[in-house]
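Heads up: the protein sequence lines correspond to chains B and P, in order.
Start counting the first sequence at 18; every next residue gets the next number (this note's numbering).
Start counting the second sequence at 412; every next residue gets the next number (this note's numbering).
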Amino acid sequence: MTDTVQLKRWRRPPMIKRTWLRALVWVGVPLYVVLSLGSMEVNWARVIDGLPRAKEFILSFSSPDFTTRWNDIYEGIYESLVMAFASTVVGILISVPIGLGAAKNLAPTPVYLVCRGIIALSRALQEIIVAILMVAIFGFGPFAGFLTLAFATIGFFAKLLAERIEDVSKSQSEAIRATGASWSQWVLYGIHPQVFPRFIGLSMYRLDINFRESAVLGIVGAGGIGATLNTAFDRYEFDTAAAIILIIIALVLMAEYTSSWLRVKVQ
Amino acid sequence: MAVKFLSDDTKKWQRHDLKTSLMIWSGWLAGLVLFVLCWQIISEATTWFFVFDAPRIAEDIFTRAMPPRWEYINELWEPLWDTFNIATIGTGIAILFGVPMAFLTANNTTPSRYIIRPICMVFIVASRSINSLIWALLTVAILGPGVLAGVVAISLRSIGFFAKLIYEAIEEIDTTPVEAIRATGASPLQVMAYAVWPQVKAIFVGVAVFRWDVNIRHSTVLGLVGAGGIGLQLSSSLNTLAWPQVSLIILAILLTVIFSEAISARIRAHIMNK
């Protein structure tokens with residue numbers, strides 16, 4: 018017996034356990050980065066040209082111009098808020114039955130499949146693309162934006178609501194059932210109280226998302242502040258753009274605080 | 412929980428007492444009034460003639476768009492590759508900046524609670540409040556149209572997302588391993604690498620893959636404002652009313668989105684099961 022002790026240095030266990038996969042990542046990722054950066058055509062002269070503009074944009078946040086285009090800004094923000102609120106309400110109204118139908122523990126299989134199909138369709142189609150189609154079909158203006166956001170709300174809201182419903186505690190809902198409650202009473206007294214705080218939280222969150230999204234729909238003509246913002250950037254009026262962005266940030270922050278306050282209240 | 416006394420002195424169970432009921436009902440009423448007002452404003456800004464005419468127009472567009480112009484797909488491979496790159500490289504850059512920013516922001520790892528943390532917070536809020544398409548308007552104005560503007564726009568939007576979710580995860584870590592590592596005489600950087608990072612690693616991978624999937628969706632439309640990718644083809648096809656091309660592009664975008672979501676879901680499920 019030799020008494021040489023093998024000194025082994027401790028190493029952290031690797032994140033990817035399979036050696037071949039780890040090797041593939043180590044080789045593949047740099048290769049991909051080289052390939053993709055190589056295929057990127059960058060006009061460096063234009064980039065260098067633009068740098069003073071970047072500085073101008075950042076500086077414009079110290080002197081945002083709310084006044085020059087105040088009427089456009091006011092109308093745009095107003096329209097965005099209106100669109101966001103109306104579409105959230107309608108979207109949620111449509112989402113509730115779909116969400117109930119998409120919950121495995123409530124709905125029979127055919128209903129479940131149809132509702133899941135609607136959700137998948139709404140989630141797969143991007144807001145901007147839906148907005149382009151809506152504008153083509155319904156004409157320019159906030160109505161197209163309203164429809165787009167309501168449609169997008171369904172995929173988000175119904176999916177998360179269904180997942181929450183599938184997670185409800187069985188003991189509570191079965192206790193209600195044992196009293197001889199009808200289906201609607203069962204949903205109203207056995208499911209609804211468990212789901213409601215989440216429901217409020219999700220509604221506020223979606224309102225917030227819809228407002229943020231409504232800020233871009235104007236780029237394709239579907240109403241809201243986006244059109245004004247687009248014009249401001251096109252004309253390099255960075256101080257106006259900065260003003261609009263500051264307003265958006267302020268409103269989003271406000272929505273976030275209100276929603277956390279409301280969620281605490283409901284719980 | 413409340414009880415109502417009926418006229419014949421029997422008790423009836425009610426979910427809420429009178430005050431709460433009134434508050435709930437007035438809340439609903441206020442919401443309803445607000446909705447009606449909003450609806451009126453939208454309605455005034457709408458040309459209802461176009462809306463009533465919509466089914467005919469929708470049918471018209473549909474017949475024009477079908478069948479898609481399949482041979483146009485050969486011109487789409489390169490924009491699709493660009494779209495994929497914008498999302499992937501953009502996510503990569505966002506990770507490079509967002510993760511250190513998360514460590515600078517989290518209450519328990521920030522080097523300065525009163526200077527650096529608030530500065531990072533402002534940046535995170537700004538980054539998250541602004542849609543990547545708006546960031547793209549800005550980057551196109553500054554860097555000129557092209558893929559680079561798209562990459563920068565995607566990363567600007569994603570940095571705040573990463574930083575926020577990861578700093579929240581860092582703030583929720585278990586402090587026992589941190590103290591154990593620190594007791595061995597480890598430097599602050601070693602503490603982060605061996606005590607903090609292993610605890611947030613799984614969340615980090617989940618968040619990164621999730622964001623990559625979202626970014627693929629976003630990068631498909633960045634071209635509408637000139638920031639590269641398949642959106643450029645979509646925009647030019649729409650401008651020339653080439654509906655068969657539009658339908659093919661939307662189909663390509665749909666498949667890309669479904670593909671990326673499937674990958675992201677698989678990786679996330681794998682992490683969760685570990």
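The C-beta atom is built at its ideal place from N, Cα and C for all residues, glycine as well.
Membership of residue 451(P) in any beta strand (DSSP E) is not indicated; the residue belongs instead to the alpha helix (DSSP H) covering 429 to 455. Within chain B, the residues placing a beta-carbon under 7 Å from that of residue 461(P) are 155, 156, ordered along the chain. Between residue 630(P) and residue 498(P), the C-beta spacing is below 7 Å. Taking the CA atoms as reference points, residue 433(P) sits about 21 Å from residue 218(B). In the three-state scheme derived from DSSP, where H, G and I count as helix and E and B as strand, residue 541(P) is classed as coil. Two segments are said to touch when three or more pairs of C-beta atoms, one from each, lie closer than 8 Å; by this definition the segment 139 to 156 of chain B does not touch the segment 179 to 192 of chain B.
Contacts with chain P at 7 Å (Cβ-Cβ) do not include residue 168(B).
Taking all protein chains shown into account, residue 52(B) has fewer than 16 neighbouring C-beta atoms within 10 Å of its C-beta and is therefore exposed. Around the beta carbon of residue 430(P), fewer than 16 other beta carbons lie within 10 angstroms, which makes this residue exposed. Counting C-beta pairs closer than 8 Å gives fewer than three between the segment 606 to 620 of chain P and the segment 549 to 557 of chain P, which falls short of the contact rule. Contact annotation: residue 235(B) and residue 178(B) have beta-carbon atoms that are not nearer than 7 Å.
No residue range can be given for residue 26(B), since it is assigned to no alpha helix (DSSP H) and is classified by DSSP as neither H nor E.
Interface flag for residue 651(P) against chain B is unset, since no Cβ pair is found closer than 7 Å. Of all C-beta pairs linking the segment 230 to 246 of chain B to the segment 203 to 222 of chain B, fewer than three are shorter than 8 Å, placing the two stretches out of contact. Taking a beta-carbon distance threshold of 7 Å, residue 620(P) does not count as an interface residue toward chain B.
For the 7 Å CB-CB criterion, residue 543(P) and residue 565(P) form a contact. Taken in chain order, the segment 133 to 218 of chain B contains no complete beta strand (DSSP E) segment of 3 residues or longer.
For residue 511(P), the enclosing alpha helix (DSSP H) begins and ends at 488 to 516. Annotation for residue 592(P): 602, 605, 606 place their beta carbon closer than 6 Å to its own, counting only its chain and skipping 5 residues before and after. By the 16-neighbour rule on beta-carbons within 10 angstroms, residue 216(B) is buried. Counting only runs of 4+ residues, the alpha helix (DSSP H) found wholly inside the segment 573 to 616 of chain P occupies 586 to 594, 599 to 602, in chain order. Along the segment 566 to 595 of chain P, none of the residues has a CB nearer than 9 Å to a CB of chain B. Pairing residue 94(B) with residue 31(B), the inter-Cα distance amounts to about 50 Å. Inclusion of residue 243(B) and residue 232(B) in the CB contact set at 7 Å is warranted, their separation being smaller than that value.
Residues of the segment 246 to 276 of chain B that bring their beta carbon within less than 7 Å of a beta carbon in chain P comprise 246, 247, 250, 253, 262, 265, 266, 269, 270, in sequence order. Not a single C-beta of chain B is nearer than 7 Å to the C-beta of residue 506(P). One alpha carbon belongs to residue 200(B), the other to residue 182(B), and they sit about 15 Å apart. Residue state for residue 119(B) is assigned as coil, using DSSP reduced to three classes. When the beta-carbon positions are compared, residue 77(B) and residue 250(B) stay at least 7 Å from each other. Judged by their CB atoms, residue 513(P) and residue 597(P) are not nearer to each other than the 7 Å cut-off. The DSSP-derived three-state label of residue 485(P) is helix. The beta carbon of residue 39(B) is closer than 7 Å to those of 31, 33 in its chain, skipping five residues each way along the sequence. Its chain contains 193, 198 as the residues whose beta carbon lies nearer than 8 Å to that of residue 206(B), once the 5 sequence neighbours on both sides are disregarded; these appear in chain order.
Minimum Cα-Cα distance from residue 640(P) among the listed residues 461(P), 518(P), 500(P), 444(P) corresponds to 500(P). The criterion of a C-beta distance shorter than 7 Å is not satisfied by residue 577(P) and residue 610(P).
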